[in-house]
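Just so it is clear: in the sequence shown, position 2 is 2 by the working numbering, and no numbers are missing. Where a beta carbon is used, it is the ideal one built from N, C-alpha and C, also for glycine.
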Amino acid sequence: MLIKILNTQLLLFGLSCSLGLIILVLDQSNMALAETIAKSSDFTTTQQIVVDQKEFGVKIINSNGKVNFFPTNKVPLKQGDAYGWRIKLDNYQGQVKWREVLTLPKPPEIWITQDDKNFSISKDGKTAISQRTTTPVNGIIENFWTIYPGDPVGQHQIQVYIDERLIATFEFEIVPF
Numbered sequence: 001m002l003i004k005i006l007n008t009q010l011l012l013f014g015l016s017c018s019l020g021l022i023i024l025v026l027d028q029s030n031m032a033l034a035e036t037i038a039k040s041s042d043f044t045t046t047q048q049i050v051v052d053q054k055e056f057g058v059k060i061i062n063s064n065g066k067v068n069f070f071p072t073n074k075v076p077l078k079q080g081d082a083y084g085w086r087i088k089l090d091n092y093q094g095q096v097k098w099r100e101v102l103t104l105p106k107p108p109e110i111w112i113t114q115d116d117k118n119f120s121i122s123k124d125g126k127t128a129i130s131q132r133t134t135t136p137v138n139g140i141i142e143n144f145w146t147i148y149p150g151d152p153v154g155q156h157q158i159q160v161y162i163d164e165r166l167i168a169t170f171e172f173e174i175v176p177f
């Protein structure tokens with residue numbers, strides 16, 4: 001019986017030491033996470049992000065220069081037209097930093113962007129990541145892609161993040177015109 005008690009005490013002592021080690025490791029992990037968050041805090045906003053509305057569609061500029069937006073998830077492959085998203089933030093003041101991940105069914109013939117330094121392409125050429133800092137106009141942030149020859153038809157996806165939080169996912173299809 002004394003051996004059982006000693007074995008139980010040794011087991012409890014071993015567990016408490018192990019738990020202490022686990023807690024120490026967890027504390028170190030939390031410290032590393034806190035350091036990572038602190039390093040990236042200049043990329044986050046202190047304001048709460050509340051999405052009032054989100055929509056995806058086609059933006060067409062008519063011959064008079066008037067911009068028309070048509071909500072849809074079927075985008076005709078018509079050169080010069082543009083597809084994209086608009087997100088209305090509720091009661092947001094100041095600049096917002098967002099990231100967009102556009103995934104195509106296959107690589108286009110060419111990727112074109114107006115901001116090379118905040119733009120990257122995956123190794124397989126099917127995914128583009130854009131990052132922007134903008135001031136919402138009437139609470140709206142948006143981004144559009146112009147259709148060029150060589151753009152692929154098929155299923156596409158756009159994910160929009162604000163402060164590393166997924167705000168919206170848009171699934172759509174580019175179809176022959």
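When you compare each of L89, S122 and V101 to T135 by their alpha carbons, which one comes out closest? Along the sequence shown, one-based indexing puts residue 135 at 135. Comparing Cα-Cα distances from T135 to each of L89, S122 and V101, the minimum goes to L89.
Closer than 8 angstroms is the cut-off here; do at least three beta carbon pairs connect the stretch 54 to 66 with the stretch 76 to 94? yes
With a cut-off of 8 angstroms on the beta carbons, I'd call L102 and I147 a contact; round off their distance for me. Sequence index remark: in the sequence shown, residue 102 carries index 102 (1-based). Sequence index remark: in the sequence shown, residue 147 carries index 147 (1-based). So it is not a contact: roughly 13 angstroms between Cβ atoms.
Taking all protein chains shown into account, do 16 or more other C-beta atoms lie within 10 angstroms of the C-beta of S122, making it buried, or fewer, making it exposed? Counting from one through the sequence shown, the residue named residue 122 turns up at place 122. Classification of S122: exposed, given that the 10 Å Cβ count is below 16.
Would you check if there are 3 or more beta carbon pairs closer than 8 angstroms linking the stretch 156 to 169 to the stretch 92 to 109? yes
Where do the ends of the beta strand (DSSP E) carrying W85 lie? By 1-based counting over the sequence shown, the position of residue 85 is 85. It spans A82 to L89 - the beta strand (DSSP E) in which W85 sits, taken as one unbroken run.
Taking the alpha carbon of G125 as the point to measure from, which residue in I140, F70 and I112 has its own alpha carbon closest? As a first step, residue 125 is located in the sequence shown; it is residue number 125 there, counting from the start. Closest by alpha carbon: I112.
Which term fits V137, buried or exposed, when burial requires 16 or more other beta carbons within 10 angstroms of its beta carbon? Sequence index remark: in the sequence shown, residue 137 carries index 137 (1-based). Exposed is the call here.
Could you compute how far the alpha carbon of N73 sits from the alpha carbon of E171? Position 73 of the sequence shown, counted from the first residue, corresponds to residue 73. Position 171 of the sequence shown, counted from the first residue, corresponds to residue 171. Whole-angstrom Cα-Cα distance: 7 angstroms.
If we call anything under 8 angstroms between Cβ atoms a contact, is P108 one with P152? Indexing the sequence shown from 1 puts residue 108 at position 108. Indexing the sequence shown from 1 puts residue 152 at position 152. Yes. Within cutoff.
Assuming E142 is part of the beta strand (DSSP E), what are its boundary residues? Numbered from 1 along the sequence shown, position 142 holds the residue referred to as residue 142. Run containing E142: I140 to T146, per the beta strand (DSSP E) assignment.
Quick one, are the C-beta atoms of I167 and I49 less than 8 angstroms apart? Position 167 of the sequence shown, counting from 1, holds the residue named residue 167. Position 49 of the sequence shown, counting from 1, holds the residue named residue 49. A contact, by the Cβ cut-off of 8 angstroms.
Please indicate yes or no: does the CB of E100 lie closer than 7 angstroms to some heavy atom of the ligand FAD? The ligand FAD is not part of this structure, which contains no ligands at all.
Tell me whether S63 is buried or exposed, calling it buried when 16 or more other Cβ atoms sit within 10 Å of its Cβ. Here residue 63 corresponds to residue number 63 of the sequence shown, with the count starting at 1. Its Cβ having fewer than 16 others within 10 Å, S63 is exposed.
Going by beta carbon distance, what residues of the same chain come within less than 6 angstroms of I129, once the five residues before and after it are set aside? Within the sequence shown, numbered from 1, the residue matching residue 129 stands at position 129. V101 and S120, listed in sequence order.
Using DSSP's beta-bridge definition, name the partner residues of W111. Locating residue 111 in the sequence shown gives position 111, where the first residue counts as 1. Per DSSP, none; premise fails for W111.
For K193, three-class secondary structure by DSSP: Coverage of the chain is limited to positions 1 through 177, which leaves residue 193 absent and any answer about it impossible.
Bounding residues of the beta strand (DSSP E) (the contiguous stretch that carries G125): The residue labelled residue 125 in the question sits at position 125 within the sequence shown. Neither: G125 is in no beta strand (DSSP E) and is coded neither H nor E.
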